[in-house]
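Heads up, the final residue of the sequence shown is numbered 305 in our numbering, and it's a clean run with no missing numbers. Ideal placement from N, C-alpha and C gives every residue a C-beta, glycine not left out. The structure appears below as structure tokens.
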Amino acid sequence: MIITQKYSIFDLERYIDWSYFLHAWQLSPRFAVAANLHDCKSCREAWVASLGEKDRERGREVLRLIDDARKMLGELSARATVEARVGVFNANSVEDDIFVATDDNEDVRIPCLRQQVEKPGEPYLCLADFVRPRETGRSDMIGVFVSTVRFDPVAEYGEDPYNLLLSQTLCDRLAEAGACLLHKETRCRFWPDINEENLTIEDLQKERNKGIRPAVGYPSLPDQSVNFILSDLIKMSDLGVTLSETGAMIPHATVSGLMIGYEEARYFGVGPIDEIQLKDYAARRGLGVAVMRRFLSANLKEESL
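Pasting the structure below:
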């Protein structure tokens, strides 16, 4: 089942994680509380005064930046939308692979990587561990998602460096906010949890919900070429999303990945892998070792580079 949603800026503004927005501006995420301040002058001055003396000017800078961001969100509300799509499929795991059953009865392999760095008392995790094994004879379900912002910052603000960067960083946050809201809606429909209604926006931003939403290119799912598989599964091109030769998504303000409902699933970093796993993964991915070496360069142990 494939579901497409269109969200307005009004729908998503409260789902924006301002800590990541500030990080993109090289400002400490701890200042993100400024986004929740009451708009009155006394509240803002009291917050600035509560900061250490060395941080007060930076605090005023944060307030000005968030004011500009909120003003731009108002401008974007008439010109930008976020489109998100999720495909929910029957799936099973076979060792380190996830196999997705499509509506056309195809069995699509999503290869995953397993941790190799030893941590005492901890298992070596792989995303496939959180999907029901095929040998059980029962199907599991996973989601494949994409969230993208329909707006071209360069066309609108290409001659204004400050507003260009402001719009780009906001669009990145809106794409993530769309993924957050889509994940919530998908969980409520396919993996209902009585505790979901008690989660706050902050809980959702910090992903304290049941299940996980690992994004392509992030530590649990570092191979960007997986986007080619996901795009075929949910037809990202229908939303205007294209892929470069490296698997990078265009528009830039786009996020994709998997939704896994298993309540014990958790995020982790794959970390460095050796030549043996590289060759095994390349075979499962159906690509040459040299090609995979480029896609996974950030995860290769020094001797594998």
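- Cβ contact annotation for Phe190 (same chain, cutoff 8 Å, sequence separation greater than five): Val88, Met141, Gly143, Gly261, in chain order.
- At a Cβ-Cβ threshold of 7 Å, Cys180 and Leu204 count as neighbours.
- Under the three-state reduction of DSSP, Met292 is assigned to helix.
- Under DSSP, Thr81 shares a beta bridge with Arg150.
- In the three-state scheme derived from DSSP, where H, G and I count as helix and E and B as strand, Lys6 is classed as strand.
- Taking C-beta atoms as the reference points, Asp172 and Ala290 fail to come closer than 7 Å.
- Counting the other Cβ atoms within 10 Å of the Cβ of Gly59 gives 16 or more, which makes it buried.
- Ala155 places its beta carbon 7 Å or farther from that of Val255.
- Under the three-state reduction of DSSP output, Ile16 falls in the coil class, being neither helix nor strand.
- It is roughly 12 Å from the alpha-carbon of Phe31 to the alpha-carbon of Trp25.
- DSSP, read as helix, strand or coil, puts Tyr281 in helix.
- For Gly257, no alpha helix (DSSP H) run applies; the uninterrupted beta strand (DSSP E) run containing it begins and ends at 254-260, by DSSP.
- Taking the Cα of Glu118 as reference, the smallest distance to any Cα among Ile273, Leu296, Arg294, Leu287 is reached at Ile273.
- Measuring C-alpha to C-alpha distances from Leu27 to each of Glu61, Ile16, Arg294 identifies Glu61 as the nearest.
- With a cut-off of 8 Å on Cβ pairs, the segment 215-232 is in contact with the segment 291-298, counting three or more such pairs.
- With a contact defined as Cβ atoms closer than 8 Å, Val108 and Val100 qualify at about 5 Å.
- Relative to the Cα of Ser19, the nearest Cα in the group Pro111, Met1, Ile9, Thr169 belongs to Thr169.
- Within the segment 14-69, the alpha helix (DSSP H) runs of at least 4 residues that lie entirely inside it are, in chain order, 18-24, 41-50.
- DSSP places Met236 within a helical segment (H, G or I) once states are collapsed to three.
- In the DSSP secondary-structure assignment, Phe89 is bridged to Ile142.
- The beta carbon of Tyr124 sits closer than 6 Å to the beta carbons of Arg114, Gln115 from its chain, once the five residues preceding and following it are set aside; these are given in chain order.
- Your pair Val241 and Thr148 checks out as a contact, with CB atoms roughly 5 Å apart and the cut at 8 Å.
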